[in-house]
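Asker: Taking mature numbering (1 follows the signal peptide of the UniProt record, and there is no 0), I'd label the letters of the sequence shown as residues -23 to -1, 1 to 79.
Just so you know, even glycine gets a beta-carbon here, dropped at the ideal spot from N, CA and C.
Since this is a predicted model, take the numbers as computed values, not measurements.
The structure's right below; bear with me while I get my questions together.
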Amino acid sequence: MKKYKLMLGSALLMGLSACTVFLGEPEERVAKFSDLELCTELADKTYKYHAEWQWAISDEIKKRALDSSDRCMSSYDTRMTRLMRKIKASPISFSEALDNKG
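Structure, rendered in structure tokens:
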């Protein structure tokens, strides 16, 4: 029985590993995001502290010149406020997230 559990566990782990490789690196994937997705994902990844994703998303936002977009800032602020309300903390500002200080 233990042998089967070990095989099942290793198969699951290998499957997740292969899935991650198949999905690609953050830099490749964020290029496919819409403008609005980028702004809300920046809030999500900053909140969850996924540094590699945060860097890739902020870089893409700067490439698309969304760093001065009121709509992007508003989307980010709305999402970040909602996330931080869960833990009763002060939201991280849009400019801090873009500079990877979150």
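Report all residues from its chain with a CB closer than 7 Å to the CB of A33; omit the five preceding and five following residues, and keep chain order.
Answerer: The count along the sequence shown starts at 1 and reaches residue 33 at position 56. So the list reads P3, E4 and V7, once near-sequence residues are dropped.
Asker: For W30, which residues of its own chain have a beta-carbon under 7 Å away from its beta-carbon, when the five flanking residues on both sides are left out?
Answerer: Along the sequence shown, one-based indexing puts residue 30 at 53. Result list for W30: P3 and K22, in chain order.
Asker: Could you pull out every residue in the same chain whose Cβ sits closer than 7 Å to the Cβ of S52, ignoring the five residues on either side in sequence?
Answerer: Taking the first residue of the sequence shown as position 1, residue 52 is located at position 75. Counting only Cβ-Cβ distances below 7 Å, and skipping sequence neighbours, we find L13, C16 and T17.
Asker: What number of angstroms, rounded off, separates the C-alpha of L43 from the C-alpha of S35?
Answerer: Within the sequence shown, residue 43 is the residue found at index 66, counting from 1. Within the sequence shown, residue 35 is the residue found at index 58, counting from 1. When rounded, the distance between both Cα atoms is 9 Å.
Asker: Can you check which of these residues, G1, F10, L19 and Y24, is closest to K65 by C-alpha distance?
Answerer: To locate residue 65, count along the sequence shown from 1; it is residue 88. The candidate whose alpha carbon is nearest that of K65 is Y24.
Asker: So is the beta-carbon of R48 under 6 Å away from any non-hydrogen atom of the ligand SAH?
Answerer: The ligand SAH is not among the ligands present in this structure, which contains no ligands whatsoever.
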